[in-house]
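Enquirer: Here it is: the structure, laid out below.
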Amino acid sequence: MLLEGSLELLAEAGVARLDPKQLGRRLLIEKDGVRVVLVRPADVPAYVDFGAADLGLVGKDQLWENPGGHYELVDLGFGACRLVLAVPESSRLAGPDTWPPVLRVATKYPRATTAFFAANGSGADIVRLHGSVELAPQVGLADAIVDLTATGNTLRENRLRVVAEVGSSTARLIANQASLKTRGDELQAVVKHLAEAVRKG
Amino acid sequence: MRGKHPPVAAAGPSASTAATPTTTDAAAGFRDLLPDEAESMRGSSEAILAEMRRWGYRYVVTPTLEPESVLSLGLGPEQRRRLFKFADADGSLLAIVGEKTVPVARLVSGRLRSARLPLRLCYAASVLANDGGRFSNRRETHQAGAELVGAAGPVADAEVIALAVRCLDAAGLRRYQVDVGHSEFFHGLLAGLRLDADVEVGVKAALAARDFVSLERLLGATPLKSAEQELLLRFPALRGGREILDAASRLVSNRRSEQALDELARVHELLGLHGLGEVVSLDLGAIRDFDYYSGVTFEAFGPDLGRSLAAGGRYDGLLERFGRPAPATGFVVYLDLVAEAMARSGEAPVLPRIDAAVAWSGKGLKQAVRLASSLRLFGMRAVLDTEARQAAEAADWWKVIGASNLVHCSGAATAAWTSRKGKTRRLPPEQVVGQLSGAAL
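Each protein sequence line maps, in turn, to chains A and B.
If you're matching positions, the first sequence starts at 639 in this note's numbering and goes up one per residue.
If you're matching positions, the second sequence starts at 905 in this note's numbering and goes up one per residue.
Okay, here's the thing in structure tokens:
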């Protein structure tokens, strides 16, 4: 989802010009002295934290699940979406005062979900899923879901209603801790170009 | 984005890849070190301890277990959470040490209470953590460290940093760099901003998480804009040579930060005297995980690892918690990471090999025992066969042992010496010893 915005940003900042059509199924591209690695969103923090990549472009939603281990440097502005608590339209659940003592929640975001319920002083049994979370309440796997939504369409199609916002996310620029030190000048220059491109919009 | 190869994963599950552990598996998060790796790590550990000894640091051993209440005195909540804890027979809580600085502080305030300061102490040990954190699923890691207790000031700070660098040299690392920072620089800035208590908590949390997006938002919402605020936001980039101290001192206007800059200038100068100008940078934005640091701190980084190989700093407040107020500084070298860094950069030490496999048959045993002893006296590694073998079978055994030379004794007069090249010569035993020790020298 962030691919298009990321490629635009890299081009605007003069870091690398990559055509999405040319990319095809390639995962590793060397261009203009920069090596770009395409990985699944959830894997970006791992590539950066372990130093396989110096910098990463990734949604804040992924950082909730993989905190620490890297510097979070710039809010890139694009890729806006919300992490929401949603229940079936037919459900009586609404605000926190209507939640049972322990709500069963299906999500791909167990850490963010745990933190949210802890902050609200209520309990949740978290069922960790890896996809199609919308299905869980329809078949009785969970009372509610915590999932990402940009337009709300998927939720509506699955007759789910948002009852609370857990967090809001945009794409972020993250950096490996050691790279900022061992190759500080090179990296800071790239960071600066990216931040300027974001500011110009 | 300019990437390196992804790190090699830790050795995977051994016999069983399925969920059921077998009786030959180590516990989850623990692993066996095989001879190549174990000898290499022991070699760097010994080299590091020898270097510490040359600087006058005395070796101590503290227990693997400490009362949890002792460790809690020195550790933050996150480190406390990661301790392996269990109940003693009397119900009190024990923990396996996760780092050695706190136990050494206890020792200096306890049994070494009457020892005069300064004390220079060092240790090598494995430490345990319940979870390895973000970077590793290993729960046991190996460390060597040194503590200089009872010495304040830049000369002591520089000594400890210089010693850490020399320890990395001694371990055989060639490419690394050291970043020196000062924890008071940040604390001074933060105090100078006079933030509301809840904002300050948020700012500290954001910095600890290295989350500069949240930090900018928090500071952006405060009414006052100052040069010091700007400085906080530029934390990841506040790194360089001596010149960044001057640049920073023009922007700060609080006594604590100014003093930190003065101390860093002095330490930087002293590190030059130690001959370390090349490898040392100053990093005013250093953020460290241990909350006991109170002054100059440092971290050493290798080229491809993404993490620090050695780290340390001043912790003047820690001993006071044990009832013996004293300034102190020290560091730890992460032996596992040093080994990994060397293996990856091709700097791994040449591993010790066995020099001679000594086989025998018939009446040759007596000669073989003597010959093997003589070789060992000359400092060579010799393996003596445990059963009689004729020359042909001895060659197979030689391959199993993996030695450079085979010596076969079948009588008192001569021994048959075969070198790796495959040439066999019959010589009197003392000449074989002479030839081998000559070749080994």
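For every residue, glycine included, the Cβ atom is placed at its ideal position computed from N, Cα and C.
If you're wondering where the values come from, they're calculated on a predicted model, not measured in any experiment.
Suppose only complete runs of 3+ residues qualify. What are the beta strand (DSSP E) ranges in the stretch 1227–1269 of chain B, listed by chain order?
Expert: DSSP runs (the beta strand (DSSP E)) wholly in the stretch 1227–1269 of chain B: 1232–1238 and 1258–1264.
Enquirer: Return no unless some Cβ of chain B is closer than 8 Å to the Cβ of Phe688 (chain A).
Expert: It does; some Cβ of chain B falls within 8 Å.
Enquirer: Suppose contacts are defined by Cβ-Cβ distances below 8 Å. Is Gln1292 (chain B) in contact with Gly1315 (chain B) by that definition?
Expert: It is Ala, not Gln, that sits at residue 1292 (chain B) in the sequence shown. Contact: no.
Enquirer: Secondary structure at Met905 (chain B), three-state DSSP: helix, strand or coil?
Expert: Legend: pLDDT at Met905 (chain B) = 43, less than 50; position of this residue unreliable, value from coordinates given subsequently. DSSP places Met905 (chain B) in coil when its eight states are reduced to three.
Enquirer: Would Val800 (chain A) and Val743 (chain A) be called neighbours here (beta carbons separated by less than 8 Å)?
Expert: No.
Enquirer: Check Trp1321 (chain B) in the structure and name its three-state DSSP category.
Expert: Strand at Trp1321 (chain B).
Enquirer: In the DSSP assignment, what residue or residues form a beta bridge with Leu693 (chain A)?
Expert: Partner(s): A:Ala813.
Enquirer: Of all the CB atoms in chain B, is at least one closer than 8 Å to the CB of Thr820 (chain A)?
Expert: Cβ-Cβ to chain B under 8 Å: yes for Thr820 (chain A).
Enquirer: Looking at chain A, is there any beta carbon in it that lies within less than 8 Å of the beta carbon of Val1184 (chain B)?
Expert: By this cut-off, Val1184 (chain B) is not an interface position.
Enquirer: Does Leu1209 (chain B) get closer than 8 Å to chain A when you measure Cβ to Cβ?
Expert: So, interface residue.
Enquirer: Determine contact between the stretch 820–833 of chain A and the stretch 755–773 of chain A, defined as no fewer than three beta-carbon pairs at a distance below 8 Å.
Expert: Because the criterion of three Cβ pairs below 8 Å is not met, the stretch 820–833 of chain A and the stretch 755–773 of chain A do not touch.
Enquirer: Tell me whether the stretch 1225–1232 of chain B and the stretch 1097–1109 of chain B touch, counting them as touching only if at least three CB pairs, one residue from each stretch, are closer than 8 Å.
Expert: Counting Cβ pairs under 8 Å, fewer than three are found: no touch.
Enquirer: Output, in chain order, the set of chain B residues within a Cβ distance shorter than 8 Å of Arg810 (chain A).
Expert: Those are Val1117, listed as they occur along chain B.
Enquirer: Name the two residues that bound the continuous alpha helix (DSSP H) containing Val831 (chain A).
Expert: Correcting the residue identity first, residue 831 (chain A) is His in this sequence and not Val. Gly822 to Lys838 is the span of the alpha helix (DSSP H), which, as asked, contains His831 (chain A).
Enquirer: Residues of chain A with a CB under 8 Å from the CB of Ala1113 (chain B): which are they?
Expert: Those within 8 Å of Ala1113 (chain B) in chain A are Pro705, Gly706 and Glu710.
Enquirer: Report the residue from A:Arg663, A:Lys669 and A:Gly671 whose alpha carbon sits nearest the alpha carbon of Val677 (chain A).
Expert: Considering only alpha carbons, the answer is A:Arg663.
Enquirer: How many angstroms separate the CA atom of Arg749 (chain A) from the CA atom of Arg1010 (chain B)?
Expert: Roughly 36 Å separates the two Cα atoms.
Enquirer: Using C-beta distances below 6 Å, list every residue in its chain close to Ala649 (chain A), excluding the 5 sequence neighbours before and after it, in chain order.
Expert: Answer for Ala649 (chain A): Arg655, listed in chain order.
Enquirer: Which residue spans inside the stretch 1142–1167 of chain B form an unbroken alpha helix (DSSP H) run of at least 4?
Expert: Listed in chain order, the complete alpha helix (DSSP H) runs (minimum 4 residues) inside the stretch 1142–1167 of chain B are 1147–1153.
Enquirer: By alpha-carbon positions, which one of B:Ser1198, B:Arg1024, B:Ile1065 and B:Gly1002 ends up nearest to Arg986 (chain B)?
Expert: Among B:Ser1198, B:Arg1024, B:Ile1065 and B:Gly1002, the Cα nearest to that of Arg986 (chain B) is on B:Gly1002.
Enquirer: Given Arg1225 (chain B), which residues of its chain have a CB within under 6 Å of its CB, disregarding the five upstream and five downstream residues?
Expert: Taken in chain order, the residues that qualify are Leu977.
Enquirer: Counting pairs of beta carbons, one from the stretch 1046–1053 of chain B and one from the stretch 945–963 of chain B, are three or more of them closer than 8 Å?
Expert: With a cut-off of 8 Å, the stretch 945–963 of chain B and the stretch 1046–1053 of chain B count as touching, because enough Cβ pairs lie within range.
Enquirer: According to DSSP, simplified to helix, strand and coil, what is Leu1188 (chain B)?
Expert: In this structure, Leu1188 (chain B) counts as coil in the three-state DSSP scheme.
Enquirer: Distance check for Asp936 (chain B) and Ser918 (chain B), CA to CA, integer angstroms please.
Expert: Here the model assigns Ser918 (chain B) a pLDDT of 48, short of 50, so the residue's position is not dependable, and the following value carries that caveat. Approximately 10 Å, taken between the alpha carbons.
Enquirer: Check the Cβ-Cβ distances between Pro1029 (chain B) and every residue of chain A, and say whether any is below 8 Å.
Expert: Correcting the residue identity first, residue 1029 (chain B) is Ala in this sequence and not Pro. Taking Cβ atoms only, chain A never reaches closer than 8 Å to Ala1029 (chain B), which makes this a no.
Enquirer: Mind reading off the beta-carbon distance from Ile783 (chain A) to Glu772 (chain A)? Whole number of angstroms is fine, and I expect it under 8 Å.
Expert: With a Cβ gap of about 7 Å, Ile783 (chain A) and Glu772 (chain A) count as contacting.
Enquirer: Compute the Euclidean distance between the alpha carbons of Pro658 (chain A) and Val675 (chain A), then round it to the nearest angstrom.
Expert: Straight-line Cα distance between these residues: approximately 13 Å.
Enquirer: Given that Ala1141 (chain B) touches chain A, what residues does it touch there, using C-beta distances under 9 Å?
Expert: Result: Leu818, Gly822, Gln826, Val829 and Lys830.
Enquirer: Whose CA, out of A:Gly671, A:Asn814, A:Glu803 and A:Gly778, lies closest to the CA of Leu693 (chain A)?
Expert: The residue with the shortest Cα to Cα distance from Leu693 (chain A) is A:Asn814.
Enquirer: Using the rule of at least 16 other Cβ atoms within 10 Å of the residue's Cβ for burial, across every protein chain shown, is Gln983 (chain B) buried or exposed?
Expert: Label assigned to Gln983 (chain B): buried.
Enquirer: Can you give me the start and stop residues for the alpha helix (DSSP H) that Gly1092 (chain B) sits inside?
Expert: Note, Gly1092 (chain B): alpha helix (DSSP H), Ser1087 to Leu1097.
Enquirer: Between which residues of its own chain and Leu1209 (chain B) is the CB-CB distance below 8 Å, once the five residues before and five after are set aside?
Expert: Closer than 8 Å at Cβ, skipping near neighbours: Pro911, Leu1241, Glu1244, Ala1245 and Arg1248.
Enquirer: Does the Cβ-Cβ distance between Glu1167 (chain B) and His1091 (chain B) come in under 8 Å?
Expert: Not closer than 8 Å, so no.
Enquirer: Between Ala774 (chain A) and the rest of its own chain, which residues show a CB-CB distance below 8 Å, the 5 nearest in sequence each way excluded?
Expert: Only Ala744, Val765, Leu767, Ala780 and Ile783 meet the Cβ criterion.
Enquirer: Using a Cβ-Cβ cut-off of less than 8 Å, give me the residues of the stretch 1280–1314 of chain B that come near chain A, in sequence order.
Expert: Result list empty, no residue passes.
Enquirer: Across which residues does DSSP place Tyr709 (chain A) in a beta bridge pair?
Expert: In DSSP, Tyr709 (chain A) forms a bridge with A:Ala813.
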